[in-house]
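A.B. asks:
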């Protein structure tokens, strides 16, 4: 399954990013970071790609890969591996674009992580299977998929200007791609909204 291949690629690149960070070489580490300011001036090309597979630490990597493991298989099984991979990479593009237009004049902004890609996969799965429930880490209560998707997009939007150190704008970009992809694959949003309204 290509979900496992993506996890493997994330593991390899995240490890290389970690070794680069330990080397003390700014130039080497820069390849794994997304810097919109540099990109707007013709640089940071490797970072645009590799940052979507790099992670800040082991727990960042673990959380993202657990999410990809559970929901990537759902989307890959439903849509096929080509569509699944397309959603993953297009979600990364969506995450990159929103961050670019918001941060291209900020020389201090940098980001890394597959969260934008995985946000797209997660929202796609929620639209394809609106009857399923999701569990969040540290919250042992099942959350219906439609509520989760709506809240995820809402909070990502509201928190974009926060100083949390989390790239909420990238999450939103990926989630919006997932919203579009899920609607196309599901033949519309009828089942999603029907399930959502049943909850109230």
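Numbering (this note's numbering), first residue to last: 40 to 239. Note that beta-carbon positions come from the ideal geometry of N, C-alpha and C, so glycine has one too. Computed from a prediction, not measured in an experiment: that's the story for all the values here.
Does the distance from the CB of residue 59 to the CB of residue 71 come in under 8 Å?
C.D. replies: Their beta carbons are under 8 Å apart, which means residue 59 touches residue 71 by this criterion.
A.B. asks: Taking residue 85 as part of the beta strand (DSSP E), name the residues at either end of that continuous run.
C.D. replies: No beta strand (DSSP E) contains residue 85, which is instead part of the alpha helix (DSSP H) from 84 to 89.
A.B. asks: Within the continuous beta strand (DSSP E) that includes residue 174, where are the two ends?
C.D. replies: That run of the beta strand (DSSP E) goes 172 to 175.
A.B. asks: Can the beta-carbon of residue 89 be found closer than 8 Å to that of residue 51?
C.D. replies: Their beta carbons are not under 8 Å apart, which means residue 89 does not touch residue 51 by this criterion.
A.B. asks: Given 8 Å as the limit, is there contact between the stretch 170 to 181 and the stretch 200 to 212, that is, 3 or more CB pairs closer than that?
C.D. replies: Too few Cβ pairs lie closer than 8 Å, so no.
A.B. asks: In whole angstroms, give me the CA-to-CA distance for residue 197 and residue 188.
C.D. replies: Distance between the alpha carbons of residue 197 and residue 188: 14 Å.
A.B. asks: Quick check: what's the CA-CA separation for residue 184 versus residue 165?
C.D. replies: Rounded to whole angstroms, residue 184 to residue 165 spans 5 Å at the Cα level.
A.B. asks: Leaving out the 5 sequence neighbours to the left and right, which residues in its chain are closer than 7 Å to residue 46 when beta-carbon positions are compared?
C.D. replies: Here the set comprises 104, 107, 108.
A.B. asks: Output yes or no for whether 8 Å exceeds the beta carbon distance between residue 167 and residue 212.
C.D. replies: In this structure, residue 212 does not lie closer than 8 Å to residue 167 by Cβ.
A.B. asks: On the DSSP letters alone, give me the boundaries of the alpha helix (DSSP H) that residue 185 sits inside.
C.D. replies: 184 to 197 is the extent of the alpha helix (DSSP H) around residue 185.
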